[in-house]
Amino acid sequence: MTPPLIHLAEAQKSAPVTDWAGRIAWVVGLLVFVIFLYWLMREGWKWRGKLQGDLPELPAAPDDLGEPKLTLTGRYHGSTTAGQWLDRIVARGLGTRSRTELTLTDRGLNVVRPGAQDFFVPAAALRGARLDKGIAGKVLTEGGLLIVTWAHGDKEIDSGFRSDRADEHPAWVEALTALTTTSTTQHTETEGAR
Numbered sequence: 001m002t003p004p005l006i007h008l009a010e011a012q013k014s015a016p017v018t019d020w021a022g023r024i025a026w027v028v029g030l031l032v033f034v035i036f037l038y039w040l041m042r043e044g045w046k047w048r049g050k051l052q053g054d055l056p057e058l059p060a061a062p063d064d065l066g067e068p069k070l071t072l073t074g075r076y077h078g079s080t081t082a083g084q085w086l087d088r089i090v091a092r093g094l095g096t097r098s099r100t101e102l103t104l105t106d107r108g109l110n111v112v113r114p115g116a117q118d119f120f121v122p123a124a125a126l127r128g129a130r131l132d133k134g135i136a137g138k139v140l141t142e143g144g145l146l147i148v149t150w151a152h153g154d155k156e157i158d159s160g161f162r163s164d165r166a167d168e169h170p171a172w173v174e175a176l177t178a179l180t181t182t183s184t185t186q187h188t189e190t191e192g193a194r
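Each residue of the sequence shown is one higher than the one before, counting from 1 in UniProt numbering.
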């Protein structure tokens, strides 16, 4: 029995030493790859902004907004070309997600975004509202997003908002639809008077 024990003792070897140079090379390579991907995403974002450079400046809120019909606090999730929920608009700061405070009056929709550019959508530019489940970069449960469609320049835009209290969304759709209908009727009557 002794011969097999000798063979076992001779067969044992020490654990291999960690190859630190190889590990460091892998970590550095991975970091370079991640930085390269981040740079590509940033360049893509800037390129998209240049392509959308023909978008006019966003309108500012008038001095007198009028009496608020509805107010909402929540999040602004972004804007896309109307009807194309993945075609994100990044020009003029519309691609920047932020907290938001919405105020709807007879004059239009005021969007206040702390840390990002505020904008105002005149009542004549509103095209409608609906509840949806997603907009570029954000997907929620069915009806989780308030989508407001509006015209700016020669482009129709869908902007996505989510209230801190989701039960407010249907009232906003109803009020925005009513304001859109009223605005369209007044615009048609004004054109007919000419």
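From the three backbone atoms N, C-alpha and C, an ideal C-beta is built for every residue, glycine too.
Residue i bridges to which residues according to DSSP?
i    : result
E101 : T73, V112
K155 : H152
P122 : G108
R92  : Answer is none; R92 lacks a bridge partner.
T81  : I157
V173 : Answer is none; V173 lacks a bridge partner.
R162 : R75
Quick one: what's got a C-beta closer than 6 Å to residue i's C-beta in the same chain, skipping five residues either side?
i    : result
L109 : V121
L94  : S79
Q117 : G93
A61  : N110, F120
L140 : K133
Return the Cβ separation of residue i and residue j in integer angstroms, given the expectation that the two are a contact with Cβ distance under 8 Å.
i    : j    : result
K69  : L104 : 5 Å
G144 : R130 : That belief does not hold up - the Cβ atoms of G144 and R130 are roughly 12 Å apart, past 8 Å.
A136 : L86  : 5 Å
T96  : V111 : So it is not a contact: roughly 12 Å between Cβ atoms.
H152 : P56  : 7 Å
Tell me which residues share the same chain as residue i and place their Cβ nearer than 8 Å to its Cβ, disregarding the 5 neighbours each side in the sequence.
i    : result
E191 : Unreliable positioning characterises E191 in this predicted model, as indicated by a pLDDT of 49, which lies under 50. The coordinate reading is nonetheless provided below. For E191, where only same-chain residues beyond five positions count, there are no Cβ hits under 8 Å.
V173 : A129, R130, L131, L146
E67  : T105, D106
G29  : none
Residue range of the beta strand (DSSP E) that residue i falls in?
i    : result
G128 : 126-132
Look at residue i and residue j and say whether their C-beta atoms are less than 8 Å apart.
i    : j    : result
L126 : L179 : yes
G115 : K138 : no
A82  : T149 : yes
Y76  : R113 : yes
D164 : T71  : no
From what residue to what residue does the alpha helix (DSSP H) around residue i run?
i   : result
V27 : 20-51
Output needed for residue i: all residues of its chain with C-beta closer than 7 Å, excluding positions within five of it in sequence on either side, in chain order.
i    : result
D154 : none
Q52  : I89, V90, A91
A166 : G144
Is residue i a contact residue of the ligand FAD, with contact defined as CB to any heavy atom under 7 Å?
i    : result
W172 : Because no ligand of any kind appears in the structure shown, any question about the ligand FAD cannot be addressed here.
Are the C-beta of residue i and some C-beta of chain C separated by less than 8 Å?
i   : result
Y38 : Looking for chain C here will not work: only one protein chain is present.
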